[in-house]
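All letters in the sequence shown, in the order written, are residues 34 to 310 by our numbering.
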Amino acid sequence: MTITTQENVNIKPDTKGGQNNKEGKKAKHVFEVSDLNLWYGSKQALYEVNMKVPENQVTAIIGPSGCGKSTYLKTLNRMVEMVPSVKTSGSIKYKGKEIFSESFGVEDLRTKVGMVFQKPNPFPKSIYDNVAYGPRIHGIKKKAQLDQIVEKSLRGAAIWDEVKDRLNEKAFGLSGGQQQRICIARALAIEPDVILMDEPTSALDPISTAKVEELVQELKKEYSIIIVTHNMQQAARISDKTAFFLNGDMIEFTDTDELFSNPSDKRTEDYITGRFG
Numbered sequence: 034m035t036i037t038t039q040e041n042v043n044i045k046p047d048t049k050g051g052q053n054n055k056e057g058k059k060a061k062h063v064f065e066v067s068d069l070n071l072w073y074g075s076k077q078a079l080y081e082v083n084m085k086v087p088e089n090q091v092t093a094i095i096g097p098s099g100c101g102k103s104t105y106l107k108t109l110n111r112m113v114e115m116v117p118s119v120k121t122s123g124s125i126k127y128k129g130k131e132i133f134s135e136s137f138g139v140e141d142l143r144t145k146v147g148m149v150f151q152k153p154n155p156f157p158k159s160i161y162d163n164v165a166y167g168p169r170i171h172g173i174k175k176k177a178q179l180d181q182i183v184e185k186s187l188r189g190a191a192i193w194d195e196v197k198d199r200l201n202e203k204a205f206g207l208s209g210g211q212q213q214r215i216c217i218a219r220a221l222a223i224e225p226d227v228i229l230m231d232e233p234t235s236a237l238d239p240i241s242t243a244k245v246e247e248l249v250q251e252l253k254k255e256y257s258i259i260i261v262t263h264n265m266q267q268a269a270r271i272s273d274k275t276a277f278f279l280n281g282d283m284i285e286f287t288d289t290d291e292l293f294s295n296p297s298d299k300r301t302e303d304y305i306t307g308r309f310g
């Protein structure tokens, strides 16, 4: 698993309060996407995507393979631009600020929007050094401060009790599910505001998957989560809102309960009932 690193390494207090739309409070949005198009060379991969992503909720993105889910996710922190042939049109605003603006540097964006990929991939270092890696490269040197960040991050990833006596051991010695949570802790150590997850449980066993899903529910109290998943049951279990993508189009985006119980588009209904995909 790969993560983007962030620049702000100070541990922030929980000031967001876990706002939930279902409690009648006015929604805040971390992303407002308008008329987004994306091409890989001459091949168009996303078509006129419009979406307002709510703060402190879990937003799931579902759809068949090759429908643009991961491309869209990587566009939100501009990681997709690592492919040289990519070009985009339209607008993505992060908390009201245009991410494609020259005044909004890509590293500043990735300071705020971290990413967790599909396969657990810890660094060939100790558990402690994996989590302390980001803070160290951004200037944190004092051991007492690093100790605090490492413990807070491991607790945040719900793995502190499992590894607190093994911090100097190689992370490779952990199970796949534990490695995934170490990598999530590594992301949390740099305190992003948003966490993008690209099928984070697809390589895990059911028990490890359940632990990561429980973790996602805890993390949304402090972070906004956007997760790509092929597992529709997972989307139904853990997300507040769900978007259905098909052939580069966002077909439908609404409350998860509504999408799975009363989809407004027949293509959505056909997909969630197994008629294709």
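Think of the CB as a built atom: it goes at the ideal place given N, C-alpha and C, for glycine as much as any other residue.
Residue i burial status per 10 Å Cβ neighbour count (16 or more: buried)
{"i": "residue 370", "result": "Residue 370 lies beyond the residue range present for the chain, which begins at 34 and ends at 310; the question has no answer from this structure."}
{"i": "residue 104", "result": "buried"}
{"i": "residue 89", "result": "buried"}
{"i": "residue 122", "result": "exposed"}
{"i": "residue 75", "result": "exposed"}
{"i": "residue 140", "result": "exposed"}
{"i": "residue 51", "result": "Low confidence applies here, because residue 51 scores a pLDDT of 38, under 50, leaving its location unreliable and the question unanswered by this model."}
{"i": "residue 177", "result": "exposed"}
{"i": "residue 196", "result": "buried"}
Residue i versus the options, residue with shortest Cα-Cα distance
{"i": "residue 185", "options": "122, 82, 205, 223", "result": "223"}
{"i": "residue 155", "options": "171, 215, 290", "result": "215"}
{"i": "residue 241", "options": "192, 140, 94", "result": "192"}
{"i": "residue 133", "options": "291, 152, 112", "result": "112"}
{"i": "residue 263", "options": "84, 307, 282", "result": "307"}
{"i": "residue 278", "options": "84, 72, 183", "result": "84"}
{"i": "residue 127", "options": "66, 99, 304, 93", "result": "66"}
{"i": "residue 231", "options": "220, 187, 151, 212", "result": "151"}
{"i": "residue 270", "options": "92, 62, 69", "result": "92"}
{"i": "residue 163", "options": "266, 291, 221", "result": "221"}
Beta carbon proximity, residue i to chain D, threshold 8 Å
{"i": "residue 198", "result": "The chain inventory of the structure shown lacks chain D, comprising one protein chain alone."}
Distance CB(residue i)-CB(residue j) smaller than 8 Å
{"i": "residue 86", "j": "residue 257", "result": "yes"}
{"i": "residue 200", "j": "residue 160", "result": "yes"}
{"i": "residue 179", "j": "residue 210", "result": "no"}
{"i": "residue 225", "j": "residue 147", "result": "yes"}
{"i": "residue 275", "j": "residue 125", "result": "no"}
{"i": "residue 218", "j": "residue 243", "result": "no"}
{"i": "residue 145", "j": "residue 137", "result": "no"}
{"i": "residue 298", "j": "residue 285", "result": "yes"}
{"i": "residue 142", "j": "residue 108", "result": "no"}
4 or more residues per run - each alpha helix (DSSP H) lying fully within the region 153-209: With a minimum length of 4 residues, the continuous alpha helix (DSSP H) runs that stay inside the region 153-209 are 160-170, 176-189, 193-196.
Counting Cβ pairs closer than 8 Å, one from the region 73-81 and one from the region 235-254, do we hit at least three? no
Ignoring anything shorter than 4 residues or poking outside the region 204-274, list the alpha helix (DSSP H) runs there in chain order. 209-221, 239-252, 265-271
Quick one: complete alpha helix (DSSP H) runs, 4+ long, within the region 279-305? 289-294, 299-305
Segments of 4+ residues assigned as alpha helix (DSSP H) that fall wholly inside the region 66-150: Correct list: 102-108, 139-145.
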